[in-house]
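The structure appears right after this line, and notes come after that.
2 protein chains.
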Amino acid sequence: MTGRRSRSVTISDVASLAGVSIATVSKALNGKDNVRPDTRRRVLEAAEQLSFRPNALARNLLTGQSRTVGLLTSDSVGRFGIPVLLGAEDAFGAGEMAVVLCDARGDAIREQHHLRMLLSRRVDGLIVVGGSTDPRPSISRELPIPVVYAYGPSDDPGDVSFTPDDVGGAVLAVRHLLATGRRRIAHVTGPTHYKAAADRAEGARRALEEAGLEQAGETLFGAWSQRWGRQAAEMLLLTQPGLDAVFCGSDQIAAGFMEIARERGLRLPSDVAVIGYDNWEVLSAETRPLLTSVDPNLERLGHTAAQHLFAAIDGQAAPGVHSMPCRLVIRESTAPPAPPAPPERQSGTFP
Amino acid sequence: MTGRRSRSVTISDVASLAGVSIATVSKALNGKDNVRPDTRRRVLEAAEQLSFRPNALARNLLTGQSRTVGLLTSDSVGRFGIPVLLGAEDAFGAGEMAVVLCDARGDAIREQHHLRMLLSRRVDGLIVVGGSTDPRPSISRELPIPVVYAYGPSDDPGDVSFTPDDVGGAVLAVRHLLATGRRRIAHVTGPTHYKAAADRAEGARRALEEAGLEQAGETLFGAWSQRWGRQAAEMLLLTQPGLDAVFCGSDQIAAGFMEIARERGLRLPSDVAVIGYDNWEVLSAETRPLLTSVDPNLERLGHTAAQHLFAAIDGQAAPGVHSMPCRLVIRESTAPPAPPAPPERQSGTFP
DNA sequence: AAATAGAAATAAAAGGTTTTCGGAAACGTA
DNA sequence: TACGTTTCCGAAAACCTTTTATTTCTATTT
Chain G
1 MTGRRSRSVT
11 ISDVASLAGV
21 SIATVSKALN
31 GKDNVRPDTR
41 RRVLEAAEQL
51 SFRPNALARN
61 LLTGQSRTVG
71 LLTSDSVGRF
81 GIPVLLGAED
91 AFGAGEMAVV
101 LCDARGDAIR
111 EQHHLRMLLS
121 RRVDGLIVVG
131 GSTDPRPSIS
141 RELPIPVVYA
151 YGPSDDPGDV
161 SFTPDDVGGA
171 VLAVRHLLAT
181 GRRRIAHVTG
191 PTHYKAAADR
201 AEGARRALEE
211 AGLEQAGETL
221 FGAWSQRWGR
231 QAAEMLLLTQ
241 PGLDAVFCGS
251 DQIAAGFMEI
261 ARERGLRLPS
271 DVAVIGYDNW
281 EVLSAETRPL
291 LTSVDPNLER
301 LGHTAAQHLF
311 AAIDGQAAPG
321 VHSMPCRLVI
331 RESTAPPAPP
341 APPERQSGTF
351 P
Chain U
1001 MTGRRSRSVT
1011 ISDVASLAGV
1021 SIATVSKALN
1031 GKDNVRPDTR
1041 RRVLEAAEQL
1051 SFRPNALARN
1061 LLTGQSRTVG
1071 LLTSDSVGRF
1081 GIPVLLGAED
1091 AFGAGEMAVV
1101 LCDARGDAIR
1111 EQHHLRMLLS
1121 RRVDGLIVVG
1131 GSTDPRPSIS
1141 RELPIPVVYA
1151 YGPSDDPGDV
1161 SFTPDDVGGA
1171 VLAVRHLLAT
1181 GRRRIAHVTG
1191 PTHYKAAADR
1201 AEGARRALEE
1211 AGLEQAGETL
1221 FGAWSQRWGR
1231 QAAEMLLLTQ
1241 PGLDAVFCGS
1251 DQIAAGFMEI
1261 ARERGLRLPS
1271 DVAVIGYDNW
1281 EVLSAETRPL
1291 LTSVDPNLER
1301 LGHTAAQHLF
1311 AAIDGQAAPG
1321 VHSMPCRLVI
1331 RESTAPPAPP
1341 APPERQSGTF
1351 P
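If you read the protein sequences in the order shown, they are chains G and U.
The first sequence runs 1 to 351 under the numbering used here.
The second sequence runs 1001 to 1351 under the numbering used here.
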């Protein structure tokens, strides 16, 4: 037996209890038109007493708007998807919008499936969250609703995309290193084929160029992992004797680098300054010393993406790829190399 | 101007194109009743040609089911919320269910607000995801729809809750340490007031008791952080000379412990074995040595919670708090202390 | 007192689908 | 032919709300 729900209370129940017509109830509840104050009070009391909730399905059917947006994450909702999602949810939260979440697990078929479902539910708009900053195929063609892309932009410049300005973020990082007196700066980052890796390397190059300096060694492309950070550290310490700073393409790489640097007896940040990327608190707030990192402001990105989706739903589109600025969060790992460096820890107190 | 959408194609458009009534179209499309094969073909062709998608709003209004479940996370969707969410989304994904996500940010007012919204949308059920394993106030009272609680159980035993069996997980961990020959085992974990911390400590106690052993020192309660792991390590190495294993209440604590242990020159796992908790891959797969850890199977937990919600929607409730078993993921950090321990790394190759 | 303007309340339509029930056609049997 | 059976299709109701057009009521003015 399919659990037959007890018919829920409708607007006509309220109407008959209050002794008025359903039209009057509707107007009284929605604060519309002209309805006498005491009538309104009577209606409100009746609605309260029956704990009446207007059936959103009926309203939506009538108005054609579902007051719902779909959030489509192509790659599994990960480190980057979450903050964007939170920002979007936050932007909508105040109103009456609902967010339905669909995770395609990187499967194009499943994405298509979810898309049909969302369309059939007549969602008012769509946010597509990429798993990386690499451009992804557009799905906006032939779609009757507005779409904004967050984190990973669409490959169609006619779409609306919001993506972090990784070049700018890297420039911020390297300029900061230069400002604190570092001169021999290396760069370790993720796999070559990631746009994020290429962009950050490009930003580092620009900042060094504008200071008239050479990068310490070629950019080391590898993985986003701590393990690669450790490997890269061993290579750098061997091949770059005068090294005084490293800009890492992720916090994980930075954490790995610092681990090895400490083991080798280098003092951080006196001997070598380190900057990470992503400002992933679980890492940047746990390393020794605490890690200076570029924060891509993902939550804000999600927030503005959602706001623009709102605007687009009302017909105000702003096509193009919008680069959102990053900010630098300065912690201990890039303090200037004070000449009389105090001992970093009292080593030797334990046997 | 409020972007007036071009009226979308309805079932009657299909009907007139196929030259039949709308009832026939409905039946043909839903594979219902008896409709002649070639009529069905004609209808399908017409629907395809117009790329007709049935308006779910209308269907839902009629059937009273919205084919939607709400996912209410009290505390911000965090480390633990995500896998549960993925599991749930996965369980529904195959069908036509949609998941609307609501994050109350730990604010009871906002939770109430979201709840009204979900009720007004006539969701078929609700999954409440807690931010910790501590019981939370029930919201099922007076609710016309089924609710299941995931991760953090409800404080009402009449509700349906799924929560990881932390006592059992801790037993697994300590038994494994005992099986690999460890005898002096310490336990470091999170804040006292967390049920998770208390449960894991209790599990450790039981496993030691059944082996007739004493725990090495009192359980050290602190924080879930890496930093606390480091502090605890310094204390333990000072006060527990014969220590040969540590069971940590989180992977972060374990990572911190291992960091200090390495610095002090201890060989891992030969001298001291380490076990973490949560099996958080970002950590457990990056430590040196790789970290053995208790995996609370959160994705599976979310999956079964969703399945049970399905069952509850169909009237098959299974009230009570269901403890879901954890599993132990064995990696390098608990290898038995082989008597002729090979040197762990070639130290000294670098200047 | 009658006329009228304005306010307040109601009746009815609309929105798109599913489902029930009745009708029609086709076919076989007496 | 008359009748029963099967097969297929269509008319119409139902779901619940908002909105438009219309009616009823109240108060003001002539």
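Positions of the beta carbon are idealized from the N, C-alpha and C atoms, including for glycine.
This one's a predicted model, so the numbers in the text were calculated from it and none came from an experiment.
With distances taken Cα to Cα, identify the nearest neighbour of residue i among the options.
i        : options                                   : result
G229(G)  : A254(G), R122(G), G302(G) and A245(G)     : A254(G)
D1090(U) : L283(G), L101(G) and A233(G)              : L101(G)
L71(G)   : S161(G), G315(G), L115(G) and D159(G)     : L115(G)
F247(G)  : I22(G), L85(G) and L291(G)                : L291(G)
G1095(U) : V329(G), R141(G) and R110(G)              : R110(G)
A98(G)   : Q112(G), V167(G) and D124(G)              : D124(G)
P1157(U) : R1141(U), G1265(U) and T1010(U)           : R1141(U)
D1244(U) : S1270(U), D1251(U) and Q1252(U)           : S1270(U)
I275(G)  : R288(G), R264(G), L309(G) and G265(G)     : R288(G)
P54(G)   : F80(G), L208(G) and I22(G)                : I22(G)
P1146(U) : L1119(U), G1256(U), L1237(U) and P1296(U) : L1119(U)
D407(G)  : D107(G), A186(G) and K195(G)              : Here chain G comprises residues numbered 1 to 351, so residue 407(G) is not present and cannot be evaluated.
Starting from residue i, follow its DSSP beta bridges and name the residues at the other end.
i        : result
S1154(U) : R1136(U)
L1143(U) : Beta-bridge pairing links L1143(U) to no other residue.
Y149(G)  : V128(G) and S161(G)
A1098(U) : T1068(U)
H322(G)  : F162(G)
L948(U)  : The requested residue 948(U) does not occur in the structure, where chain U is confined to residues 1001 to 1351.
I1275(U) : F1247(U) and T1292(U)
Three-state secondary structure (DSSP) at residue i?
i        : result
L71(G)   : strand
G125(G)  : strand
I330(G)  : coil
E1344(U) : In this prediction, E1344(U) scores a pLDDT of 48, lower than 50, which makes its location untrustworthy; the coordinate-derived value is nonetheless stated afterwards. Coil.
G3(G)    : Low confidence applies here, because G3(G) scores a pLDDT of 33, under 50, leaving its location unreliable and the question unanswered by this model.
G249(G)  : coil
L1017(U) : helix
H187(G)  : strand
F1052(U) : coil
V1352(U) : Outside the displayed range of chain U (1001 to 1351) lies residue 1352(U), so it cannot be described from this structure.
D314(G)  : coil
S352(G)  : Nothing about residue 352(G) can be read from this structure; chain G reaches only from 1 to 351.
N103(G)  : The question names Asn, but residue 103(G) in the sequence shown is Asp. Strand, per DSSP.
H1193(U) : coil
Q60(G)   : First, the residue type needs correcting, since residue 60(G) is Asn and not Gln in the sequence shown. It is helical.
V1009(U) : coil
W228(G)  : helix
R40(G)   : helix
R1175(U) : helix
V35(G)   : coil
At the 7 Å Cβ level, is residue i part of the contact set with chain G, yes or no?
i        : result
Q1307(U) : no
A967(U)  : This structure does not reach residue 967(U), given that chain U is present from 1001 up to 1351, and the question cannot be answered.
L1243(U) : no
V1025(U) : no
A1091(U) : no
I'd like to know whether the C-beta of residue i is nearer than 7 Å to at least one C-beta of chain U.
i       : result
Q215(G) : no
D103(G) : yes
E286(G) : yes
V99(G)  : yes
Q226(G) : yes
P343(G) : Low local confidence applies: a pLDDT of 49 at P343(G) is under 50, so the model's placement there is unreliable, and no value is given.
> Using a beta-carbon distance cut-off of less than 7 Å, what residues from the stretch 48-63 of chain G approach chain U?
Replying inline: R53, P54, N55, A56, L57, A58, N60 and L61
>> Under 7 Å, CB to CB, which of the residues in the stretch 117-146 of chain G have a partner in chain U?
In response: M117, L119, S120, R121, R122 and P144
>> Under 8 Å, CB to CB, which of the residues in the stretch 1148-1169 of chain U have a partner in chain G?
In response: none
>> If the cut-off is 9 Å on Cβ atoms, which residues from the stretch 8-19 of chain G count as contacting chain U, listed in chain order?
In response: S8
> According to a CB-to-CB cut-off of less than 9 Å, which residues of the stretch 245-271 of chain G neighbour chain U?
Replying inline: Q252, A255, G256, E259, R262, E263 and R264
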